[in-house]
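The sequence shown begins at 1 in my numbering and counts up one residue at a time. The C-beta atom is built at its ideal place from N, Cα and C for all residues, glycine as well. Each remark here refers to the structure printed beneath this line.
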Amino acid sequence: YSPEKNPDEYLNCDLKYGVSEKPAPKNDDNLKKIVNEHMTILQNDCKRVKKYFNHPEIKYAA
Numbered sequence: 001y002s003p004e005k006n007p008d009e010y011l012n013c014d015l016k017y018g019v020s021e022k023p024a025p026k027n028d029d030n031l032k033k034i035v036n037e038h039m040t041i042l043q044n045d046c047k048r049v050k051k052y053f054n055h056p057e058i059k060y061a062a
């Protein structure tokens, strides 16, 4: 357990939000597809990922 927030928490939040915006997956394969699609979006959006490090509690990790 880490009492400080970290960039992983912001990634998890972003992923959960992205997945929740899609229709509910019917099975594990569909869930994997949705997650992979969202992670590909993040992989190609450096500005969005950099924002994870802009919060004052996270700047220590940058």
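Query                                                                                         : Result
Cβ-based burial, Tyr-60 [other Cβ within 10 Å; buried from 16]                                : exposed
Pairwise C-alpha distance: Pro-56 and Gly-18                                                  : 24 Å
Cutoff 7 Å; reference Pro-25; Cβ partners in own chain excluding five residues on either side : Leu-31, Ile-34
Cβ-Cβ distance between Ile-41 and Pro-7 below 8 Å                                             : no
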